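Peer 1: I have a structure here, written as structure tokens, and I will follow up with some questions on it.
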Amino acid sequence: MRQTLSASLAATIGLAGSAVYFSPWFWRRYRMNRVRREVVKNRILSLTYDDGPSSELTLQLLNLLQSRGARASFFMLGCHAQQHPQIVDRVVQEGHDVGCHSDRHLNAWKALPWEAVADINAGYERLSAWIEPKGMFRPPYGKMTLPTYWSIRRRGAPVWWWTIDSGDSHATLPSASQVADRLRKEGGGIVLMHDVARTKPRNDFVLELTATLLDVAQRESFQVKPLRELCQ
Ligand SMILES: [Zn+2]
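For the sequence shown, numbering that gives the first Met the number 0 assigns the number 0 to the initial residue and increments by one for each residue that follows.
Given below as structure tokens:
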């Protein structure tokens, strides 16, 4: 009986501890609901690209965005930025947002807490030529724990998730028109895409989707804005 009681007490404490550790998930839901209301109210489309920069796709995207007069947000990995500093320079020069996406893309829910925090700090450090210590942040895999949440709060950095996952990392790619339909149906959105080098079909999908979303925005009067122009 006593053993059963201590086992259930340990289980309850474990459960409560996990809930506290992973509690930033609730904050994410609250924050993104607020952001969703804003993008819908003002019919905003925000194009966001994670995990880059990469030598080919990021440049192709920059050319496409430039030809359409659109600005976007790039959440970069420190290790990739260091490989392509001229591309980061161009991203900044052309008025896009550069945000930190950590250095090596550690998943905070799987890594040791201090390793996940160190990875975020290393990302800011390697991106320091282009962004401030409190520059915008997007967590790898969208995952935060209490330690990573507090490290970001201490910096005063805004955290941005997304409202529409483009599916460009899913095993089966959707069609660009399916994602565009979702933007239409929801009345606005922050779209998650990736500009890291992957297979040609995936790279082509990101380019096609970007062009399709910009077409929809033009035809249906969505405002295309980088994240820094949205309310916090
Ligand atoms: Zn990522």
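By construction, the Cβ of each residue, glycine as well, lies at the ideal position given by its N, Cα and C atoms.
On a predicted model such as this, the values are computed, not experimentally measured, just so you know.
Looking only at C-alpha atoms, which of Asp-50, Ala-115, Ala-69, Phe-204 sits nearest to Leu-226?
Peer 2: Looking at the Cα atoms, Ala-69 is the closest of the given residues.
Peer 1: Please identify the residue among Leu-145, Arg-197, Val-190, Gly-186 whose C-alpha is closest to the C-alpha of Leu-111.
Peer 2: Nearest of Leu-145, Arg-197, Val-190, Gly-186 to Leu-111, Cα basis: Leu-145.
Peer 1: Could you tell me if the beta carbon of His-100 falls within a distance shorter than 8 Å of some heavy atom in ligand 1?
Peer 2: Yes; taking the cut-off as 8 Å, the Cβ of His-100 has a heavy atom of ligand 1 nearer than that.
Peer 1: Using 9 Å as the threshold, is the C-beta distance between Asn-202 and Leu-56 below it?
Peer 2: Yes, Cβ-Cβ distance for Asn-202 and Leu-56 is below 9 Å.
Peer 1: Enumerated in chain order, which unbroken segments of the alpha helix (DSSP H) with a length of 4 residues or greater are wholly contained in the region 9 to 84?
Peer 2: The region 9 to 84 contains these whole alpha helix (DSSP H) runs: 23 to 40, 56 to 66, 77 to 82.
Peer 1: By the DSSP assignment, the alpha helix (DSSP H) with Gly-122 in it spans what residues?
Peer 2: Segment 112 to 125, the alpha helix (DSSP H) holding Gly-122.
Peer 1: Anyone know if the C-beta pair for Leu-44 and Leu-64 falls short of 9 Å?
Peer 2: Not in contact: Leu-44 and Leu-64 (Cβ atoms no closer than 9 Å).
Peer 1: From the DSSP secondary-structure annotation, give me the bridge partner or partners of Leu-191.
Peer 2: For Leu-191, which the question treats as bridged, DSSP gives the partners Thr-47, Asp-164.
Peer 1: Excluding the 5 residues flanking Asn-41 on each side, which residues of the same chain have their C-beta closer than 8 Å to its C-beta?
Peer 2: Excluding positions up to five away in sequence, the list reads Gly-187, Gln-222.
Peer 1: Assess, as a yes-or-no matter, whether the region 121 to 131 is touched by the region 93 to 102 under the definition of 3 or more beta carbon pairs within less than 8 Å.
Peer 2: Contact between the region 93 to 102 and the region 121 to 131 is present, because at least three Cβ pairs lie under 8 Å.
Peer 1: Identify whether Gly-141 lies in helix, strand or coil by the three-state DSSP scheme.
Peer 2: DSSP places Gly-141 in helix when its eight states are reduced to three.
Peer 1: Quick check: the Cα distance between Leu-172 and Glu-207, rounded to an integer number of angstroms?
Peer 2: Taking the straight line joining both Cα atoms gives about 12 Å.
Peer 1: Quick check on this structure: which residue in Gly-141, Glu-37, Arg-197 has the alpha carbon closest to the alpha carbon of Trp-26?
Peer 2: That would be Gly-141, whose Cα lies nearest to the Cα of Trp-26.
Peer 1: Considering only the alpha carbon of each residue, which of Ser-54, Ser-66, His-95, Gln-92 lies closest to Ala-80?
Peer 2: Considering only alpha carbons, the answer is Ser-54.
Peer 1: Between the C-alpha atoms of Trp-160 and Lys-224, what's the straight-line distance to the nearest angstrom?
Peer 2: Answer to the nearest angstrom: the Cα atoms are 15 Å apart.
Peer 1: Please classify Gly-134 as buried or exposed, where buried requires at least 16 neighbouring CB atoms within 10 angstroms.
Peer 2: Buried, because 16 or more other Cβ atoms sit within 10 Å of the Cβ of Gly-134.
Peer 1: Our contact map puts Val-178 next to His-193 with C-beta atoms below 8 Å; I'd like the distance itself, whole angstroms only.
Peer 2: Not quite, the Cβ-Cβ distance comes to about 13 Å (not below 8 Å), so this is no contact.
Peer 1: Tell me whether Tyr-29 is buried or exposed, calling it buried when 16 or more other Cβ atoms sit within 10 Å of its Cβ.
Peer 2: By the 10 Å Cβ count, Tyr-29 comes out exposed.
Peer 1: Among all the DSSP beta bridges, which residues are the ones paired with Gln-222?
Peer 2: DSSP output for Gln-222 lists Ile-43 as bridge partner(s).
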